[in-house]
Every structure is written in structure tokens, then in C-alpha cells.
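In the working numbering, the protein residues as written are 16 to 914.
All residues carry an ideal CB built from backbone N, CA and C; glycine is no exception.
For reference, the structure discussed in these notes is given below.
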Amino acid sequence: MAQSTFFQFLDKPERKAEKGSGDDTHNFMGPPHGSYRVDSTDMPEFYKLYCDHIHKNGPLTLTEKGTKIGAMRVDLDFIYNGVQETHKHTQEQVVAFMKDYMSEAKRYLKIEGVTEVFVLEKDQPTFEKIKNRSKSGIHIVIPSLKTNRYIEETIRRALVQNMESYFPKLGLADDWKKVYDPSPLTHTSNWTLLGSKKKDPNAQCYEVRYILNYDPADGEVEVETVDRYDIMRMVTPEMVRKFSIRADPSEETPLTEEGKSLSREDDETRISGGKAMVPTRGRPLTRGDPGSRGSSPMRMLQPLSEMLKKYYYAHAMNLNHMRWEDYDKWIAVGHCLKNIHPDLESTWLEFSSQFKNYNERESISKWNSFGFRNDGARAGVDTLRKWSREDNPGRYEDIEKTNIVKLVEESAKTGTEHDVALVVYSMFRDDFVCARFSASAWYRFLGHTWKETDKGVSLYVRLSDAVWRKYREQEIEYGKSSLDMPDCGHGGKKEFDANCAKCNAEKMKATFLTICLKLKTTKFKENVMKECRELFLNEEFAEKLDENKNLMAFRNGVFDVATMTFRDGKPEDCVSFCTNLDYDPDRPYYSYDCWDELNQFLHDVLPDHEVRTYFLSYLSTVLSGFNEAQKFHILTGSGSNGKSMLMNLMSTALGDYCCKAPISLLTQARNKSSAAAPELVRMKGRRFVTMQEPDEQVSINTGLMKELASSEKITCRDLYQGSKQMIDFDLQARFNFACNEKPKITTQDGGTWRRLVVIDFPTKFVHDPKMPHEKRIDESFVQKVVSPEWATVFMTYLIHLFKEGHGFRKLTPPEKVMVYTSEYKDDNDLIAKFMTDRIQIVEETDETMVVNKNDVSIAFQEWKRNNEAGRIAAGEMFKRLEARFGKLPKGGWTGFRIV
16 MAQSTFFQFL DKPERKAEKG SGDDTHNFMG PPHGSYRVDS TDMPEFYKLY
66 CDHIHKNGPL TLTEKGTKIG AMRVDLDFIY NGVQETHKHT QEQVVAFMKD
116 YMSEAKRYLK IEGVTEVFVL EKDQPTFEKI KNRSKSGIHI VIPSLKTNRY
166 IEETIRRALV QNMESYFPKL GLADDWKKVY DPSPLTHTSN WTLLGSKKKD
216 PNAQCYEVRY ILNYDPADGE VEVETVDRYD IMRMVTPEMV RKFSIRADPS
266 EETPLTEEGK SLSREDDETR ISGGKAMVPT RGRPLTRGDP GSRGSSPMRM
316 LQPLSEMLKK YYYAHAMNLN HMRWEDYDKW IAVGHCLKNI HPDLESTWLE
366 FSSQFKNYNE RESISKWNSF GFRNDGARAG VDTLRKWSRE DNPGRYEDIE
416 KTNIVKLVEE SAKTGTEHDV ALVVYSMFRD DFVCARFSAS AWYRFLGHTW
466 KETDKGVSLY VRLSDAVWRK YREQEIEYGK SSLDMPDCGH GGKKEFDANC
516 AKCNAEKMKA TFLTICLKLK TTKFKENVMK ECRELFLNEE FAEKLDENKN
566 LMAFRNGVFD VATMTFRDGK PEDCVSFCTN LDYDPDRPYY SYDCWDELNQ
616 FLHDVLPDHE VRTYFLSYLS TVLSGFNEAQ KFHILTGSGS NGKSMLMNLM
666 STALGDYCCK APISLLTQAR NKSSAAAPEL VRMKGRRFVT MQEPDEQVSI
716 NTGLMKELAS SEKITCRDLY QGSKQMIDFD LQARFNFACN EKPKITTQDG
766 GTWRRLVVID FPTKFVHDPK MPHEKRIDES FVQKVVSPEW ATVFMTYLIH
816 LFKEGHGFRK LTPPEKVMVY TSEYKDDNDL IAKFMTDRIQ IVEETDETMV
866 VNKNDVSIAF QEWKRNNEAG RIAAGEMFKR LEARFGKLPK GGWTGFRIV
């Protein structure tokens, strides 16, 4: 079929444009598709050829892109559930609405003389069978009034609250904020040309029904009707040009002083290091995105696509009323929207206008005061979606589903791996994260926690399943549409007619089928996964993982110590560890069948009430990652005393939160800061660390012990992340050293002994108990302490203790524990032993002897050799000596002698 003169005009190379490139002026919504750039000098010819084509071949689906200054327009979408055969709104209602509209416009524009307001309608509502709804509506254009987005959006916000009074009792399916469409007012979206329609096969053109002549002098409106014959004659080059929303800035209607206060230039937004850059589709810019770092300091801020604007708008308008009524929450939403993109000012004002005491100027001023950040810790897209999900889960799901369908449609136009990956990202952004780009390290949110999935295989398999189904659904949909259309006569000839709806439906069906087939091929899926690595990348995820000190995860939920509640886990919790137990918050520990036996075991292992109460309370503090007590516990006693079984019970109850560390961690010299420390890396996020007794008595590196017990920030090299990658994290673990022979402590400083706590396990389990401290051994306990049954009851009991003790933030060891710890301190005070062995106090009646520093030093070195105490520094000994006998006087001490 020969191409029409109009399409020959458009198809010239200089008029081809890429949609979204910024230089396109016209776009087809449907067949024959395409984006074009028509210069102002070519517009007269464009309008003439367009109208000729319309009169010869019928309506097209052509739209024009808005400009910063353009004709004022209103789009009212009246949607009804079920079949609605006639329009329910009336001309009188429209007149009442437009009177107030023009009254608002007069505040901001200098309107001189009678102004024509054109009201356009379709012949009748359009019924959508799949959604079971009917779409009615109105388009209003005021060609002689040309202004900017800020004026039009302000007018809308003033009127939208009163829409029910203008159009009462219509019984609409949507609320008024959706009815009065904000998208056309942004001046960046597209508007259907007079004589064109939407791409749906049953779509109808909007046609002029009547004209309202508004007199600014008295505010009255005169209605001028248009008969059917005139409607058909309306599609002329002059009228199409008149109805165009595109205009040159020089055509702007003069503003009043109030209008000038609302209008402003769209300034470029700068961030630290240069201008910001955000992707036009997909996720928000984060570290790892092109342009987020290491790029030119003049990188430009890309405007948001209309699709993304609508997406963010939908989530913002889904927020609960408290977020605009509470000042702090209102400001938080503003910061969040500004961080997503500065183009969301209209969304911010629309959101704010829901407040009963809304002040337009204050809201604009607040928006301008907000900074814009595109990296680091900030509220952004994920925060907005989180709030939307929390405030209205049902509507949240609808928004996400609608967005996915739109992305599927968009991706079909290109078929590229990147655009398909955008669909994957929208479908699974809450369920998957790429934590490390180079290593392709992926995590999947499963149940209540994040679990690592090898190279994202769990997402990979969904490409041929869930993602494939999305494209298959569209293929079927277009197939049904094609079958419902009359035969166009091109099928048998295998010809494609760009102007034929059936041909285009069949073409789209084939396009979706092609993508469906690709999603069953390895190479295409691998390429999609490569694109997904960038889209799903969150470089901060690994750092945040298991760093929330208030949470402990179970198989069926998360215990939050901040609120003392048990709830479902959320992706933003960033928890990967799990106790691997189920917890029933409504069931008391004593209701379990095995509690009596477990309780007796605890009494046998720690028979003293004070010691047992303290130690079990201490064990319960692992529910929190905050370690206020900063204690290092040494569990000691003769063999077969049950301490190892108690540690095994604790390990089973904590699951991933517990780990074992080699005693060499505390006995060897401290590693260099740049050395790899896998044993330290393993402790990230752990709450309980056990160390087992070495083959012989050892000395502890007290410096590292104090560092570990103090829960200080640890810096070490992670071999998994790369030879040069250093990681920092706060230690959350309580350290426990189980031994029969207590380790040697070679220092006596207060910091060391303030942290050390010794727990004595006096019981000895034997086959034939005869002594009071002996108990009959039950060899089944070896299995019971590692059983899920005992672990579940024990953890339930620890949570009970933790709640009763309100977190035990000021837990201190009882007197009996401190006495045993003091005895241990005395046993390790080698300087005190030296002074007892070699220093003798001189009585007043004794002969005066002078002892100099060298005499003491020689005696001390000799004593160390004989007592294998080589690590004690002489300086520490002299400090103790001076504390006892005073500063060294000239000539030497006379108050003691060396023996």
C-alpha cells in the first residue's frame, strides 16, 4: 500500500526522533508508532497534511509534547464501574466548574476581554471489558491563555478539594485527585491532537461540544453550542494549530504580581562534586550507578520520564493522612521526594495540599529549602515505597502491578536485555539484591530474612517462569484483540499496514512472542542477568546486613527489642541470620513438656541461686546487639561440670547468631591492621561467641580481650571481598571462654579486671555420685541440649527473662561471682607474689638498710626466671612498689629489704 503524503513528510530522516530524547515534538500512541521532530517553520505544512490524512483515512493516534509555556488545559477522567452508556456529567456542572476555574486564573493571569473556553467530549463512554469499567470524561482547552505549569497546578490544587460540589453524585470509581488528571499540567507530557485518539481499537476522538465565552469583567459565562456538522469541520489546519498546547515563550499571557510569585525558572540542581544524574527509568541512582562517582563534575541532571513521575505521584498520594498532618512527617516526605528527583515539586505540592490548612507559598518555600542528595544515607525511592506499603498495602500492590504492565509494554518496543531487566527489577526489587557487582553476590529475601543465592540463581530461574508469564499475558491479550477486530484484508497478502489496527495488534503479538522465546534461551537470560546486576546493585547492603542491634530473627518472624514485640520480618530489616527456631509469643515457657527437665538441668549445672539468676539473665542479653555491660566471661570448673553442654544449648538456641572462635584469637599477637582476619569477619552480626580450652594453660592478650569485650568498631580485611577491601563493623557479641584451667592474666590494670567475670561451675556429673557437689550423669542430655525442642523452650525462657528485666541494661554480677573473680585476680597478680616472696618490710627496731632501684631490678628479673613470669614489665612492678613505699628517695628506699 502506498504511503500517504503525511507519512512521507514525517519519515524524512531529519524528522525522526527518539522518544524521551528531549527533542521530539510529536509521538504516536499506537499504530504506526514512532517519535518525530517537526520544526516550527514546517508546522503549517504539517497541519495541512495531517488534516488531509484525517479526512481521507480517519483518526490517528498522534500526540504533541508540551512546552514550558502552553495553552491552558484540563483533563477530567470520569471512570465508572460496569457499563455506562451515556455521560452522567452535565453542561451546567461544567459551567459551574469553569467559572471557579477562570476566577482562580484571574488571580495569576491578566485576562483581557472575553475568553473562549473549548469543551471537548467523546460521543459516549468507552467500555473496557477486561476491567469492567466505562471511561467518560472532558478535555478543556483555552487557546488564548498561555502560561506555565506552576500556575495550572496551583489552580488545580485550589479546585480539586471542591470537585464533588461541582459534579455531585456521579458515583465515580476513583477519587477526585485521579479524576482531575495532574499529568497534562506538567507541560512535559503529551496531549492528543484534535482529530486523533488513543490506540485502543474502540477509542473515540474528543470533539468540541460547546464553547464557553468567559467575561472577566463580571465572571459570567455564555454557552455557545456546536452542531454535529461544525464538529466535523473543526479539524482544519487553523483549528488544530489553535488547539495546540505548544507555544513560544514570547506568547505567554502576562502575569499578575501574585502569578509572578508562583512562577520560577527550573534551576539546575547541584550536588557535592557537580550536577546530579539519575536514570530515566528503573531504580534511583545509588553508588555504583554511572555518574554517581568518578565522573565529570559537570554531569547533568536528567529529567524524569512521565511514567516515573506518575509512579512516584501514585505512591506519594497513597500515604496516610498523618504524613501531611504531622509537621515532622510532612518534612520527611518532602526530603524523600526531593532526593528522588527535583522534578517532583508538583507531587510535593499535591501531597501537601491535602492538609486542611495548606499554604501554597509555604510549601513552595519548603521545597526550595530542601537539599538534593543522590548517594549516601538518605530517604529515597525505597523509603517512599516502604511508607506507601505500610500505609495502604492494597493500593501499593495495585501501583506496582500497573507499573510492571507499563514497563512490559515499553520493553516490547525495543526487546533489549536492559529494558527486560527493568521489568525484572520492578517485579523483584523487594526480593533480591546484588550486594557485590564484581563477585555477582546475590541475596534473596525469603520468609523473614535475606539468604544468599549463588550468583542470583533464584532470580535467574524466574526469567523463564514469572517474567515469561508477564510477556505471555500480553501476547495473549493482543491475540484476543486481533481476533475481535474485523479482517483487514492484509493477512492473506502478508502485507503490513501501519495504519491498520489489526495489523499492529498482530505485530505486537509477534513481538511479545519473540521475547517469550528469548526468555527460554540461555544467552539472552545471561545478558538480562548482567543488566540486573547493575539495577539490583546495593553497595551498602553488605555493610548494613545484620547490623540492626534491635532485631533477632526466627523462622516465623523477628523479635524487636526496641518495642519488645514479635513481628514479620521486612526487607529493610537487612537481617540474614536466624535462630532457625520458631517462636510462639503467646505460649509461656513453662507450658512446654520438656521445661521441667530443662529447668532441673539448669539448677544442676548452676546450683547457686544468685549465680544462676545472674548468668541466665546475662545469656538473655544476647537478644540485643547493644552490649552495655562489656564483660568477658570465663566459665570454669573441673571437668564434666556441664558448662560445655550449657554452651551447646545456647549455640543451638541462637543458631546463626552464635559462632566459635579459636582461642588463638586471644593468645597470639595482634595482627597488622591490613592483615586478613577471617575469624573476626565471621563475628559480624553475631551475638554470642564461645572459645574452648586449649591443651595447656595459656596467657590472654588482654589488650585484644578488652577491645572485643567493649564492642568497639572492628576494622579488618575481608578475603571474600578482595585483597584490598577493608570492612568496619560494630561488634555485638558477648565472648565466653570455657575452660578447666583458667588462663593467665599478666596485667593488673582496672580496664582488664573491670571486664573479666569468672563463673564457677561447681557440679561434677558422675555415674555414681557420693559427694554433695556430684550429680548423676544423664548421657541423653548430650543430645537434648542440641535438640530443637530444648532450644525452643530455652530461647522462650530467655525472652521472658529479657522482658522481665527490661533488657538488663544495668546488669551487674552478684557478690558471689565477684568474690570468685577477685580470687582469680589475686592468683594472677604476679607482682603481688613477687613482693610477698622477695620484699620484706623493715621494722623500726631493725637495722636500717638502703635498697636502690638496681637492687630491686636484679631481684625481680631473678624471680621472673624462677617463676616463668617473663611477660611482666619491670615498669609495672616499680609503679606498684612506689604506690606502697612512696617515690624513690635520693639514695634509695629504707622501708624494706630484699630477701
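Shown here, Thr594 sits in coil according to DSSP, grouped into three states, outside any helix or strand. Per DSSP, reduced to three states, the secondary structure at Lys818 is helical. Its Cα nearest to that of Phe630, the residue Pro829 stands out among Val255, Pro829 and Glu235. If only complete runs of 3 or more residues are kept, the region 722-781 shows the beta strand (DSSP E) at 728-732, 741-745, 749-753, 771-775 and 779-781, in order along the chain. Within its own chain, the residues whose Cβ lies closer than 8 Å to the Cβ of Asp599, once the five positions on either side in sequence are excluded, are Thr811, listed in chain order. Taking 3 residues as the minimum length, the beta strand (DSSP E) runs contained wholly in the region 823-862 are 854-856, in order along the chain. Pairing Thr271 with Tyr165 gives a Cβ-Cβ distance that is not under 8 Å.
In the structure shown, Thr526 falls within a helical segment according to DSSP collapsed to helix, strand and coil.
A check of alpha carbon separations from Asp358 across Met337, Asn335, Phe385 and Arg338 identifies Phe385 as the nearest. When the beta-carbon positions are compared, Val420 and Val482 stay at least 8 Å from each other.
Between Asn751 and Val808, the C-beta gap is not smaller than 8 Å, which leaves the two residues out of contact. Under DSSP, the beta-bridge partners assigned to Ile226 are Phe133 and Glu239. Residue ranges of uninterrupted beta strand (DSSP E) with 3 or more members, entirely inside the region 421-452 and ordered along the chain, are 447-451.
By the 16-neighbour rule on beta-carbons within 10 angstroms, Glu490 is buried. Counting the other Cβ atoms within 10 Å of the Cβ of Lys71 gives fewer than 16, which makes it exposed. Take Phe61, set aside five residues on each side of it, and the residues of its chain with a beta-carbon closer than 6 Å to its own are Val53, in chain order.
Closest option to Asp230, judged by alpha-carbon separation, among Lys585, Ser198, Leu174 and Met113: Met113. Between Gly128 and Asp233, the alpha-carbon positions lie close to 11 Å from each other. Counting along the chain, Asn354 sits inside the alpha helix (DSSP H) bounded by residues Tyr342 to Ile355.
Contact annotation: Ser659 and Phe817 have beta-carbon atoms that are not nearer than 8 Å. The DSSP-derived three-state label of Cys515 is coil. Among the bridge pairs identified by DSSP, Leu25 is matched with none.
Distance from the CA atom of Phe443 to the CA atom of Ala329, rounded to whole angstroms, is 19 Å. Taking the Cα of Asp841 as reference, the smallest distance to any Cα among Gly907, Lys759 and Gln876 is reached at Lys759. Apart from sequence neighbours up to five positions away, the residues of its chain that approach Lys213 with a beta-carbon distance below 8 Å are Met44, Gly45, Thr76 and Thr207, ordered along the chain. Judged by their CB atoms, Gly766 and Val576 are not nearer to each other than the 8 Å cut-off. Annotation for Val156: no alpha helix (DSSP H) segment contains it, though the beta strand (DSSP E) segment containing it runs Arg148 to Thr162.
When beta bridges are read from the DSSP output, Ala86 appears opposite Lys161. DSSP places Arg261 in the coil class of the three-state scheme, outside both helix and strand. By the C-beta criterion, the region 422-441 is judged to be in contact with the region 543-552, since at least 3 inter-stretch pairs fall below 8 Å.
Cα atoms of Ile678 and Lys646: separation of roughly 17 Å, rounded to the nearest angstrom. For the 8 Å CB-CB criterion, Gly37 and Lys161 do not form a contact. By the neighbour-count definition (other C-beta atoms within 10 Å, threshold 16), Met706 is a buried residue. As for any alpha helix (DSSP H) of minimum length 4 sitting wholly inside the region 68-131, the runs are 106-123, ordered along the chain. Comparing alpha-carbon positions, the option among Pro252, His41 and Ser259 lying closest to Ile155 turns out to be Ser259. Between Leu680 and Arg702, the CB-CB gap reaches or exceeds 8 Å.
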